[in-house]
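If you're matching positions, the sequence shown starts at 611 in my numbering and goes up one per residue. Shown next, in structure tokens, is the structure this report addresses.
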Amino acid sequence: MERYPEFATSVIGEALLTTAEQLTAFAASADFSQKIGLAYGDSLLNNQLTDLQNGWLVGDYQNLPDIKILSGGLLNSALGVFAQETNTIYLSQEYIDRNDTNPEAISSILLEEVGHFVDAKINLLDTP
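If you want it as structure tokens, here you go:
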């Protein structure tokens, strides 16, 4: 993905492509609104959600957060973290090292953290 050129030739780049494909498929699904409602509740900022969905439908991921790699110790042993304050997804270097041939595993963490990003964008309160 051109949004993250620093990861283009790495396992993270492969994971980002998988993540993008999944976001596009989800945005195009007939039950997108229903699933979003189940995950995030009813107090949504629908214009923000529409902007995200429309971008994903055409392969535009410029609105996604930055991605940084940090030591797992700095992440309190988490595999990934989304920080709303910096609009950044932080991934554990150790997790990436353990999965250097498994982009699907890294993509699953990216999707989870993108979910937290979406929550911060479309919800007035953090979803439980």
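Even for Gly, the Cβ is constructed at its ideal location relative to N, Cα and C.
Item                                                                                            : Value
Supposed close pair residue 658, residue 642 - CB separation, criterion 8 Å                     : Residue 658 to residue 642, Cβ: 14 Å. No contact.
Touch test, the region 708-721 against the region 637-654, Cβ-Cβ under 8 Å, three pairs minimum : no
Distance cut-off 7 Å: residue 617 Cβ against heavy atoms of the ligand SAM                      : The ligand SAM is not part of the structure shown, which contains no ligands of any sort.
Cα-Cα separation, residue 661 to residue 715                                                    : 27 Å
Distance, residue 705 Cα to residue 627 Cα                                                      : 18 Å
Under the three-state DSSP convention, the category residue 702 falls into                      : strand
Buried or exposed by the 16-neighbour rule on C-beta atoms within 10 Å, applied to residue 696  : exposed
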